[in-house]
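Just below is one structure, and these are the notes that go with it.
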């Protein structure tokens with residue numbers, strides 16, 4: 026029956042738009058238990074309406090109607106004149122109530138109050154469609170005028186439906202303390218003809234009271250609005266002051282950032298100039314060390330050439346020693362031949378004496394040559410020993426050079442301050458190589474002098490071989 030009411034779509038749209046409603050309702054008959062409407066009223070006034078979860082299902086409807094009756098009676102609503110809440114309460118106790126009446130009473134109760142959440146429910150009505158706003162406005166006006174909750178007719182025809190701008194709401198909520206008595210008082214004219222003095226005075230008194238109440242209400246509203254205006258102006262001034270302070274702080278922060286950036290740039294440039302000066306100084310030292318190493322390398326090359334020359338002379342000495350061995354073998358052969366000649370009978374005394382003298386001289390020469398050969402062999406042994414010690418020293422120097430080179434290569438791979446130490450290690454390695462080359466050259470020169478010297482002191486070239494016999 027309630028679903029056929031002309032206001033049913035508007036009531037469903039209003040109920041489904043509320044945040045407190047946990048599910049969507051498509052028919053008003055689903056509101057017959059009163060649970061959804063009691064939840065709405067409990068959200069509006071927790072003190073006047075209990076929560077549905079705190080009471081039994083059988084008491085939900087009765088507690089809802091009792092709360093609506095008390096709520097509307099305390100605010101001078103239609104509950105005292107039309108007795109709609111009492112009728113609905115009697116119907117609920119009898120087991121029959123119309124859900125459309127419950128929804129309309131709840132709609133009126135959400136607007137006709139002085140509670141904090143009244144604004145939320147008024148905004149919910151104003152967010153509905155134009156038709157729903159018109160229906161809600163009509164329901165509230167009928168209830169406030171005492172005309173009841175039933176719709177007087179069906180929906181607006183499409184041709185006769187008033188048109189409104191979609192950007193301006195059509196619902197205008199009544200004042201917070203409005204009542205049917207105030208609306209009725211406006212219709213009672215104390216200047217009506219035929220009234221006795223008491224009735225005229227009573228109406229005039231009621232009119233005066235209504236005007237004074239309206240004046241007090243307007244003054245209260247004006248004071249509240251003025252207070253809100255002052256608070257809003259204060260908040261605006263505070264916001265402007267905070268904005269100015271924020272702008273000043275931002276300007277100071279930007280200036281500080283620019284100063285820090287400039288100081289950082291100056292420090293970076295100074296550091297780069299210092300690094301460039303140190304790098305140029307290191308480069309100059311390295312150039313000087315390179316020139317010195319080049320000079321030492323030239324000297325080492327000269328000494329190496331001398332050593333090569335001495336090694337060639339040593340080879341010549343070795344060849345002379347080999348020739349000495351050959352002469353020894355020939356001397357032995359000549360001695361054998363002389364012994365054979367002496368063993369033969371001689372043909373004359375003069376020839377034998379001459380042969381003996383020649384043999385004596387040959388023997389002396391052979392003895393001298395043998396002594397020179399032994400001296401040369403002794404010098405050769407000494408030369409070999411010195412050469413072995415020189416080679417051992419040279420190997421030690423080469424090992425130290427390799428160690429220094431490995432240390433120099435590691436230093437060159439390090440940072441810039443270690444470049445000078447790497448260059449010093451490399452220069453020392455080259456100096457050690459030059460020293461080892463000079464030592465080898467000196468050793469070879471001295472050995473060759475020792476070998477060649479005895480031959481020169483012995484009287485020059487070796488004696489010619491003795492003449493052969495006839």
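Residue numbers (this note's numbering): 26 to 495.
The beta carbon of each residue, even a glycine, is placed where N, CA and C say it ideally should be.
Per DSSP, what kind of secondary structure is residue 81 in: helix, strand or coil?
Look at residue 81 here: in three-state DSSP terms it is coil, with no helix or strand label.
At what residues does the alpha helix (DSSP H) containing residue 53 begin and finish?
Segment: none, residue 53 is in no alpha helix (DSSP H) and carries neither H nor E.
Alpha carbon to alpha carbon, how far is residue 135 from residue 66?
7 Å
Which residues in the same chain as residue 356 place their Cβ atom closer than 6 Å to its Cβ, once the five residues preceding and following it in sequence are excluded?
391
Report buried or exposed for residue 234, applying the criterion of at least 16 other Cβ atoms within 10 angstroms of its Cβ.
exposed
So what does DSSP say about residue 398, is it helix, strand or coil?
The answer is helix: DSSP assigns residue 398 an H, G or I state.
Confirm, please, whether the CB-CB distance from residue 122 to residue 35 is below 8 Å.
no
Could you round the C-beta distance between residue 89 and residue 69 to whole angstroms and report it? I think they count as a contact, below 8 Å.
Residue 89 to residue 69, Cβ: 12 Å. No contact.
Tell me where the alpha helix (DSSP H) around residue 265 begins and ends.
Note, residue 265: alpha helix (DSSP H), 222-368.
For a test of the three-state rule: what should DSSP assign to residue 373, helix, strand or coil?
At residue 373, the pLDDT of 49 sits below 50, so the modelled position is not reliable; the number obtained from the coordinates is stated separately. It is coil, neither helix nor strand.
Below 8 Å, how does it come out for the region 345-352 and the region 395-405: are there three or more Cβ pairs, yes or no?
yes
Could you have a look at residue 43 and say whether DSSP puts it in helix, strand or coil?
coil
Spatial neighbours of residue 361 within its chain, please: CB distance less than 6 Å, with the 5 preceding and 5 following residues excluded, ordered by chain position.
none
Around the C-beta of residue 280, are 16 or more other C-beta atoms found within 10 angstroms, so that it is buried, or is it exposed?
exposed
Is it right to say residue 144 is buried, meaning 16 or more other beta carbons lie within 10 angstroms of its own, or is it exposed?
Exposed, since its Cβ has fewer than 16 Cβ neighbours within 10 Å.
Does residue 161 pass the burial test, meaning 16 or more other C-beta atoms within 10 Å, or should it be called exposed?
Per the 10 Å Cβ criterion, buried.
Could you tell me the alpha carbon to alpha carbon distance between residue 40 and residue 131, rounded to whole angstroms?
10 Å
Taking residue 170 as part of the alpha helix (DSSP H), name the residues at either end of that continuous run.
155-170
Around the Cβ of residue 77, are there at least 16 other Cβ atoms within 10 angstroms (buried) or fewer (exposed)?
buried
Can you tell me the Cα-Cα spacing of residue 245 and residue 285, whole angstroms?
59 Å
Answer with yes or no whether the minimum CB distance from residue 332 to chain B is below 8 Å.
The chain inventory of the structure shown lacks chain B, comprising one protein chain alone.
Assuming the contact rule is C-beta atoms closer than 8 Å, residue 128 and residue 42 should be a hit. Round their C-beta distance to whole Å, please.
A Cβ-Cβ separation of about 13 Å leaves residue 128 out of contact with residue 42 under the 8 Å criterion.
Please state the DSSP three-state secondary structure of residue 382.
helix
Under 8 Å, do residue 74 and residue 92 count as touching if we go by C-beta distance?
yes
Would you mind sorting residue 126 into buried or exposed? The rule is 16 or more other CB atoms within 10 Å of its CB.
buried
Give me the Cα-Cα distance between residue 260 and residue 243, rounded to the nearest whole angstrom.
In this structure, the alpha-carbon of residue 260 lies about 25 Å from that of residue 243.
Does the beta-carbon distance from residue 86 to residue 137 come in below 8 Å?
The answer is no: Cβ separation not under 8 Å.
Label residue 306 either buried or exposed according to how many other C-beta atoms from any shown protein chain fall within 10 Å of its C-beta, with 16 as the threshold for buried.
exposed
I think residue 32 touches residue 165, with their Cβ atoms under 8 Å apart; what is that distance to the nearest whole Å?
Going by Cβ atoms, the distance from residue 32 to residue 165 rounds to 11 Å, so no, they are not a contact pair.
Throw me the rounded Cβ distance for the residue 497 and residue 44 pair, which I believe falls under 8 Å.
For the chain, the structure presents residues 26 to 495; residue 497 sits outside this window and is missing.
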